[in-house]
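Below is one structure, written out as structure tokens; the observations come after it.
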Amino acid sequence: MRSISVVIPVYNGALSLPELVRQLEQVLPTLAEQYEIIFVEDDGKDNSWEVIRQLAREYPWVRGFKHMRNFGQHNALLCGIRQARYEVIVTMDDDLQHPPEEIQKLLERLDENVDVVYGTPQREQHGFLRDMASQVTKIALQSAMGVDVARNVSAFRVFRARLRDAFANYQSPYVSIDVLLTWGTTRFAAIPVRHDPRRLGVSNYTLRKLIVHALNMMTGFSTLPLQIASVLGFALTVFGLIVLIYVGGRLLFEASVPGFPFLASVIAIFSGAQLFALGIIGEYLARMHVRIQGRPTSVVRENIEASTESETAEREPIA
Numbered sequence: 057m058r059s060i061s062v063v064i065p066v067y068n069g070a071l072s073l074p075e076l077v078r079q080l081e082q083v084l085p086t087l088a089e090q091y092e093i094i095f096v097e098d099d100g101k102d103n104s105w106e107v108i109r110q111l112a113r114e115y116p117w118v119r120g121f122k123h124m125r126n127f128g129q130h131n132a133l134l135c136g137i138r139q140a141r142y143e144v145i146v147t148m149d150d151d152l153q154h155p156p157e158e159i160q161k162l163l164e165r166l167d168e169n170v171d172v173v174y175g176t177p178q179r180e181q182h183g184f185l186r187d188m189a190s191q192v193t194k195i196a197l198q199s200a201m202g203v204d205v206a207r208n209v210s211a212f213r214v215f216r217a218r219l220r221d222a223f224a225n226y227q228s229p230y231v232s233i234d235v236l237l238t239w240g241t242t243r244f245a246a247i248p249v250r251h252d253p254r255r256l257g258v259s260n261y262t263l264r265k266l267i268v269h270a271l272n273m274m275t276g277f278s279t280l281p282l283q284i285a286s287v288l289g290f291a292l293t294v295f296g297l298i299v300l301i302y303v304g305g306r307l308l309f310e311a312s313v314p315g316f317p318f319l320a321s322v323i324a325i326f327s328g329a330q331l332f333a334l335g336i337i338g339e340y341l342a343r344m345h346v347r348i349q350g351r352p353t354s355v356v357r358e359n360i361e362a363s364t365e366s367e368t369a370e371r372e373p374i375a
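Taking the numbering used here, the leading residue of the sequence shown gets 57, the next gets one more, and so forth.
Next comes the structure, spelled out in structure tokens:
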């Protein structure tokens, strides 16, 4: 049998964690000889860390890491992925929407010569605006990943731990686990699985966070915005040449060319296009500046290793 590490980012999930561990306790022994749960507490506002401490005392296969500050879901995932000990890594949310019994379906598909398997929800459980923002994010992700399965990605995923070697040296505050996985493989798959409605608490992924994440993916891992700016600039240049030919032709027959509002509109279009292109270039330069600074993906304040019944304080970024 295989060995499994389950990585779960935690943010204000104190209410759901005990039930989640209970469900995993029933499922994991049927799937693997060795297994562990890695909670990465992303500096939330509730008592999630105290709950993780208690769970680590009760279950010897539960480990915990607490961030110094809120780094974000994908940064927390990367921290846990780098700490995983076993050959297969499962990622899932802390809100009980990803049923542990569905892990078996993902593992069965993983055995079919693929490296990453996503558990796509059979039906979205969110509101209209959230679903629309999620689709926009997936379109952005497709441009960054360059694979067809990008439209079916999910936080519920299974992949081989050796893929970590492809992004072992990655250090940037802008993280997308799905894009980083493409650095190591092109063998992706997605299967529909059951996603349960959220029973406890409220979602921490707001419409604003989804939009920001989409923008970070497009400007941090893709050249699509630059390509859009180039195409827009070329199209407006052609349009300007057409206007120039039109104006030159009118001058051959008339002393002056009427239509100042038209010319003013053309100038405004060109000015707007230039500012748009400069703004996109500025976003890329800003990200280059941040990467040159060497800011870490995450910094751990405390970690819990239940197997050794010890807790240590960490002041260095997880490498």
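Note that beta-carbon positions come from the ideal geometry of N, C-alpha and C, so glycine has one too.
| field | Helix, strand or coil at Val144 according to DSSP, with G and I counted as helix | value | strand
| query | Counting Cβ pairs closer than 8 Å, one from the region 113-120 and one from the region 157-164, do we hit at least three? | reply | no
| said: Do Tyr174 and Ser59 count as a contact pair if the criterion is CB distance below 8 Å? | reply: no
| said: Taking the beta carbon of Val268 as the centre, do at least 16 other beta carbons fall within 10 Å, making it buried, or is it exposed? | reply: exposed
| message | Going by DSSP, what residue range makes up the beta strand (DSSP E) through Ala246? | response | 244-249
| Should Lys122 be labelled buried (16 or more other beta-carbon atoms within 10 Å of its own) or exposed? | buried
| task | Please determine, among Arg213, Glu75, Leu71, the residue with the shortest C-alpha to C-alpha distance to Asp234. | result | Arg213
| request: With Glu361 as the anchor, note down where its beta strand (DSSP E) starts and where it stops. | output: 356-361
| request: Return the residue from the list Gln330, Phe95, Arg113, Gln153 that minimises the CA-CA distance to Leu133. | output: Phe95
| task | My understanding is that Phe223 touches Val172, with C-beta atoms under 8 Å, so please give their C-beta distance in whole angstroms. | result | Between Val172 and Phe223 the Cβ distance is about 13 Å, and since that is not below 8 Å, they are no contact.
| What do you get for Val66, buried or exposed, if any count of 16 or more other CB atoms within 10 angstroms of its CB means buried? | buried
| message | Whether or not the region 279-298 and the region 320-336 are in contact is what I'm after, with contact meaning three or more pairs of Cβ atoms, one per stretch, closer than 8 Å; do they touch? | response | yes
| field | Three-state secondary structure assigned by DSSP to Ile374 | value | Legend: pLDDT at Ile374 = 43, less than 50; position of this residue unreliable, no value from coordinates given.
| said: Relative to the C-alpha of Ala285, which candidate in Leu308, Ala333, Leu300, Pro253 has its C-alpha closest? | reply: Ala333
| task | Could you tell me the distance, in whole angstroms, from the CA atom of Gln82 to the CA atom of Gln129? | result | 26 Å
| message | Residues in the same chain with beta-carbon distance under 7 Å from Phe309, minus the five sequence neighbours each way, listed in chain order, please. | response | none
| message | Using only the alpha-carbon positions, how far apart do Leu391 and Met57 sit? | response | Since the displayed the chain opens at 57 and closes at 375, residue 391 lies outside it and no answer follows.
| Between Asn131 and Asp102, is the Cβ-Cβ spacing less than 8 Å? | no
| query | Considering only C-alpha positions, which residue in the set Ile247, Cys135, Gln227 is nearest to Pro177? | reply | Ile247
| task | For the beta strand (DSSP E) containing Ala112, list its first residue and its last residue. | result | Per DSSP, Ala112 belongs to no beta strand (DSSP E); it is in the alpha helix (DSSP H), 104-114.
| Nearest candidate by alpha-carbon position, reference Leu300, set His251, Val322, Arg113 | Val322
| request: Assign His123 to one of three DSSP states: helix, strand, or coil. | output: strand
| field | Separation of Asn359 from Glu365, as counted between CA atoms | value | Bear in mind that the predicted position of Glu365 carries a pLDDT of just 42, short of 50, making it unreliable; the figure below should be weighed with that in mind. Each residue's Cα considered, the two are about 11 Å apart.
| Length of the line joining the Cα atoms of Gly305 and Ile298 | 11 Å
| query | With DSSP run on the structure shown, which of helix, strand or coil describes Ser61? | reply | strand
| field | Pro177, enclosing beta strand (DSSP E) - first and last residue | value | 172-177
| query | Around the C-beta of Gln153, are 16 or more other C-beta atoms found within 10 angstroms, so that it is buried, or is it exposed? | reply | buried
| said: As a quick exercise: from Glu89, Arg109, Ile64, Arg216, pick the residue whose alpha carbon is nearest that of Glu361. | reply: Arg109
| message | Could you compute how far the alpha carbon of Leu331 sits from the alpha carbon of Arg343? | response | 18 Å
| To which residues does DSSP link Val66 through a beta bridge? | Glu97
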